[in-house]
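Asker: If you scroll down you'll find the structure; I have some questions about it.
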Amino acid sequence: MPDLYRNLLSVSHLVQRGTKVCFLGEACQVYDQRKSLVLEGGLHNNLYIINMQVIDYVTANVAQLSPHLMDTNLPLECALTTRLTILSVPIKLWHRRLSHLNFNAIIQMADKGLMTGMTVSNRQVPSSPCEPCLEGKQTHKVIYKIAMMHTEHVLGHVHTDVCGPLPIHSHHGYQYFITFIDDSSRFASIYPLQEKSEVGKLLKAFIA
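Residues in the sequence shown are numbered from -18 upward in steps of one, following our numbering.
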């Protein structure tokens, strides 16, 4: 859901931890193991909305519960929030995660604490070059805007191109058009087409 900007609360996770979830009309209530009301919400646009305020921001950075939190004997807070895990991975993996950022910049980010919980377990820069980085920095040959040579005879060299299909057809059903440009005289012609199969016929008409 690309446009989702709110967190989803799993009813199954709450029930597995001994809580009681009640839906009555447009009201939603969650009771803990001591039968105390801990959450309350209402129905809005066919969804039950519960307004929650996070006391400690560190406990709300991960949306997926860790395996060691699946014990049903743990308190309710473990079903609502999760702990912040330390992201300790090799520098090569950080390089890929950060859109192939320079290795020195990654080390500076970790040393200066620019990213919360970021640690680099292996700082050894790979000896082999990164293939995506090489492909992104490759250059192509220069495409000259001016032709280096021209033919001396009319119809000795003809430039042509077909455009279409166009999103809107003409009144006569044309959905393509083709251009012919003579290299010597620079004479240009444009013809409409209903189908691409008409190119050969129009080429013969241009040459004639």
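Ideal placement from N, C-alpha and C gives every residue a C-beta, glycine not left out. Because the structure is a prediction, the values reported are computed rather than measured.
Bridge partners of Gly22, per DSSP?
Answerer: Cys9
Asker: Are the stretch 131 to 139 and the stretch 150 to 168 touching by the rule of at least three beta carbon pairs closer than 8 Å?
Answerer: yes
Asker: Taking DSSP's pairing of strands, which residues face Cys144 in a bridge?
Answerer: Phe158
Asker: Can you tell me the Cα-Cα spacing of Leu(-11) and Glu7, whole angstroms?
Answerer: If you take the alpha carbons of Leu(-11) and Glu7, they lie about 18 Å apart.
Asker: How many Å lie between Cys9 and Leu18 at the Cα?
Answerer: Rounded to whole angstroms, the gap between the alpha carbons of Cys9 and Leu18 is 11 Å.
Asker: Classify Arg(-2) as buried or exposed, calling it buried when 16 or more other Cβ atoms lie within 10 Å of its own Cβ.
Answerer: Flag for Arg(-2) reads buried.
Asker: Candidates Ser69, Met96, Val101: which alpha carbon is nearest Phe84's?
Answerer: Val101
Asker: Considering Lys113, what are the terminal residues of the alpha helix (DSSP H) in which it resides?
Answerer: Checking the sequence shown, residue 113 turns out to be Pro, not Lys. DSSP places Pro113 in the uninterrupted alpha helix (DSSP H) bounded by 112 to 118.
Asker: Who are the near neighbours of Leu174 in its chain, counting only those whose CB is closer than 8 Å to its CB and skipping five residues on each side?
Answerer: Val143, Gly145, Tyr155, Gln156, Tyr157, Phe158, Ile159, Val180, Leu183
Asker: Between Ile188, Pro107, Pro110, which lies nearest to His138 when the distance is taken from Cα to Cα?
Answerer: Out of Ile188, Pro107, Pro110, Ile188 has the C-alpha closest to the C-alpha of His138.
Asker: Which of the three DSSP states, helix, strand or coil, is assigned to Asp164?
Answerer: coil
Asker: Using the three-state DSSP reduction, which class does Lys16 fall into: helix, strand or coil?
Answerer: coil
Asker: With 16 other CB atoms within 10 Å as the buried threshold, where does Val11 fall?
Answerer: buried
Asker: What is the DSSP secondary structure of Val123, counted as helix, strand or coil?
Answerer: coil
Asker: Give the range of the alpha helix (DSSP H) segment to which Ile171 is assigned.
Answerer: Not the alpha helix (DSSP H): Ile171 falls in the beta strand (DSSP E), residues 169 to 174.
Asker: Only counting the same chain, and skipping five residues up and downstream in sequence, which positions put a Cβ closer than 7 Å to that of Val70?
Answerer: Ser102
Asker: Could you check if Ile87 is buried or exposed, using at least 16 other CB atoms within 10 Å of its CB as the buried criterion?
Answerer: Result: buried.
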